[in-house]
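The sequence shown begins at 2 in this note's numbering and counts up by one.
C-beta atoms are modelled at their ideal positions from N, C-alpha and C, and glycine is treated no differently.
So the structure is just underneath, and the comments pick up after that.
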Amino acid sequence: MKKVVILLSVILMCCSLPSFATVILVYHHVSDKTPKSTSITPQQFEKHLQYLQQNDYKVVALNEVVERIKNNQPLTDKTVVITFDDGYSDILENGHPLLKRYGYPYTMFINPGTVPKKAGMYLTWPQIKAMSDDGVLIGNHGYLHDSLVKVPKGVGENTWLDNKLAELVKSEKVIEQHTGQSWRYFALPYGEYTPQAQQKLEKLGFVVFTQQSGAVGASTDLTAVPRFPASMPYDKLTALKDKLNALAFDLTTSSQRAETIVPYAAQPDTLVTLNSTDFYQNMLACFIAGKGKAQIQWQDKKSFTMVFDSNFNPGRNRANCTAPSISKPGRFYWYSRAWFVPKKDGSWYNN
Numbered sequence: 002m003k004k005v006v007i008l009l010s011v012i013l014m015c016c017s018l019p020s021f022a023t024v025i026l027v028y029h030h031v032s033d034k035t036p037k038s039t040s041i042t043p044q045q046f047e048k049h050l051q052y053l054q055q056n057d058y059k060v061v062a063l064n065e066v067v068e069r070i071k072n073n074q075p076l077t078d079k080t081v082v083i084t085f086d087d088g089y090s091d092i093l094e095n096g097h098p099l100l101k102r103y104g105y106p107y108t109m110f111i112n113p114g115t116v117p118k119k120a121g122m123y124l125t126w127p128q129i130k131a132m133s134d135d136g137v138l139i140g141n142h143g144y145l146h147d148s149l150v151k152v153p154k155g156v157g158e159n160t161w162l163d164n165k166l167a168e169l170v171k172s173e174k175v176i177e178q179h180t181g182q183s184w185r186y187f188a189l190p191y192g193e194y195t196p197q198a199q200q201k202l203e204k205l206g207f208v209v210f211t212q213q214s215g216a217v218g219a220s221t222d223l224t225a226v227p228r229f230p231a232s233m234p235y236d237k238l239t240a241l242k243d244k245l246n247a248l249a250f251d252l253t254t255s256s257q258r259a260e261t262i263v264p265y266a267a268q269p270d271t272l273v274t275l276n277s278t279d280f281y282q283n284m285l286a287c288f289i290a291g292k293g294k295a296q297i298q299w300q301d302k303k304s305f306t307m308v309f310d311s312n313f314n315p316g317r318n319r320a321n322c323t324a325p326s327i328s329k330p331g332r333f334y335w336y337s338r339a340w341f342v343p344k345k346d347g348s349w350y351n352n
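Put into structure tokens, the structure is as follows:
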């Protein structure tokens, strides 16, 4: 069986940023009647909020964290941001009252092009406006929840991407028209993106949020801000505790803008550059769902390879890498990298 080898060169510099981290959680539905893969029950959601309160975590608004990174201000430890994607009505029905009770701010990313005129699965504009007036930060999830990766055959990539980003700007204007808010915070539909999209989004002034796991630190690239999924099957308190204890690897910008599209049966070569040496090198571990733990082969003090037993499957592939901290016993650095692989015929997988 063909081996997939992912080359990661790790340049370790003498100076490191403080290993404090903020954790951003992402939810979708707050309901026991919706698809489990994107849901957390109201009862379990309250357990999350109780845990945050009882363990002295500070839940802050998303813009506070973004501004600290922009202004090179240190992030405080035990800080959490709560976000929701898609604008489902059960967020208002079940999630909002709980968050108000605990006094926790949160952000909701919506798709303006799919907001209905009548109440149903999705929130209406009057409902969204009422939430906005009640302090909810409203972000952009794309006009129609379209991927930024799946370029149709026969269409120029740059032209197609420019059109999608024009839709995104339109989406931002619609949000501002209905709510008075325009943060230019964009949660990637399906978590899919390319370095080309990152560059264009940066020029447009957007802060971009992924669906990749990991903590947020001072060196986090604002075109690829990680968020931990907190819905099923990752909704247990044990899983939440691990995420809340995560530290952010101190990555350079180039490491956070590597190529994400991998042709079918091709081997992705990925360069990762780190500024921090505060982890046990021999305990670094990387996993990909469906393939298990990678074999880590250190080439020298600055590079290692992850080796899997087969090529990536068509679809979304994510490697989660963790390593225990030296200075903070019991805590782990956590980093996730995504690759998007088309089918053998070059067409794209279904979402």
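Environment of residue i [buried if 16+ CB atoms lie within 10 Å]
i: Gly136; result: exposed
i: Val342; result: buried
i: Lys344; result: exposed
i: Asp87; result: buried
i: Gly215; result: buried
i: Ala266; result: exposed
i: Tyr248; result: The question names Tyr, but residue 248 in the sequence shown is Leu. Flag for Leu248 reads buried.
i: Leu124; result: buried
i: Thr160; result: exposed
i: Thr239; result: exposed
i: Tyr194; result: buried
i: Asp346; result: exposed
i: Val152; result: buried
8 Å CB neighbourhood of residue i in its chain, flanking five on each side removed
i: Thr108; result: Ala62, Leu63, Val82, Ile83, Thr84, Phe85, Val137, Leu138, Ile139, Gly140, Tyr186
i: Asp57; result: Lys79
i: Ala120; result: Ser90, Gln128
i: Gln54; result: Tyr103
i: Tyr144; result: Asn112, Pro113, Gly114, Glu168, Leu169, Lys171, Ser172, Val175
i: Ser17; result: Here Ser17 scores only 44 on pLDDT, less than 50, and its place in the model is too uncertain to base an answer on.
Those residues which DSSP pairs with residue i across a bridge
i: Pro230; result: Val27
i: Ser337; result: Asn321
i: Gly88; result: In DSSP, Gly88 forms no bridge with anything.
i: Phe187; result: Asn141, Val209
i: Ile327; result: Paired residues: none, contrary to the question.
i: Gln296; result: Val308
i: Gly316; result: Val342
Distance, residue j Cα to residue i Cα
i: Glu65; j: Ser311; result: 42 Å
i: Gln212; j: Pro227; result: 6 Å
i: Leu285; j: Cys322; result: 7 Å
i: Asn164; j: Phe333; result: 40 Å
i: Lys329; j: Gly96; result: 34 Å
i: Pro1; j: Val209; result: Because the chain spans 2 through 352 in this model, residue 1 falls outside it and cannot be assessed.
i: Asn352; j: Ser172; result: 21 Å
i: Val308; j: Asp279; result: 24 Å
i: Asn276; j: Asn283; result: 17 Å
i: Thr261; j: Leu162; result: 15 Å
i: Pro234; j: Ile41; result: 9 Å
i: Trp349; j: Ser220; result: 33 Å
i: Ile92; j: Leu245; result: 22 Å
i: Gly331; j: Leu241; result: 15 Å
i: Val60; j: Thr77; result: 11 Å
i: Leu100; j: His142; result: 21 Å
i: Cys287; j: Lys201; result: 30 Å
i: Gln45; j: Phe229; result: 16 Å
i: Asn73; j: Lys118; result: 42 Å
i: Val116; j: His49; result: 28 Å
i: Pro19; j: Val67; result: The predicted model places Pro19 with a pLDDT of 49, which falls under 50 and marks its position as unreliable, so this point remains unresolved.
Where the alpha helix (DSSP H) through residue i begins and ends
i: Val175; result: 158-180
i: Ala240; result: 238-245
i: Ile129; result: 126-134
i: Tyr103; result: 97-103
N-terminal and C-terminal residue of the beta strand (DSSP E) that residue i is part of
i: Val209; result: 208-210
i: Tyr194; result: Note, Tyr194: premise wrong, no beta strand (DSSP E); not H, not E.
i: Ile139; result: 138-141
i: Ile111; result: 108-111
Cutoff 6 Å; reference residue i; Cβ partners in own chain excluding five residues on either side
i: Met336; result: The residue asked about is misnamed: residue 336 is Tyr in this sequence, not Met. If we look at Tyr336 and ignore the five residues flanking it on each side, its Cβ neighbours are Gly215, Phe250, Cys322.
i: Met2; result: Caution is warranted here: a pLDDT of 48 is assigned to Met2, below 50, making its placement in the model unreliable, and the coordinate value is therefore given only provisionally. Hits under 6 Å: Asp310, Ser311.
i: Ala231; result: Leu26, Tyr28
Residue-chain proximity (residue i, chain D), Cβ-Cβ < 8 Å
i: Pro269; result: Among the chains of the structure shown, chain D does not appear; only one protein chain is present.
Neighbourhood of residue i by C-beta distance below 7 Å, restricted to the same chain and skipping five residues each side
i: Met14; result: For Met14, the pLDDT reaches just 38, beneath the cut-off of 50, and the residue's location in the model is therefore unreliable, leaving the point undetermined.
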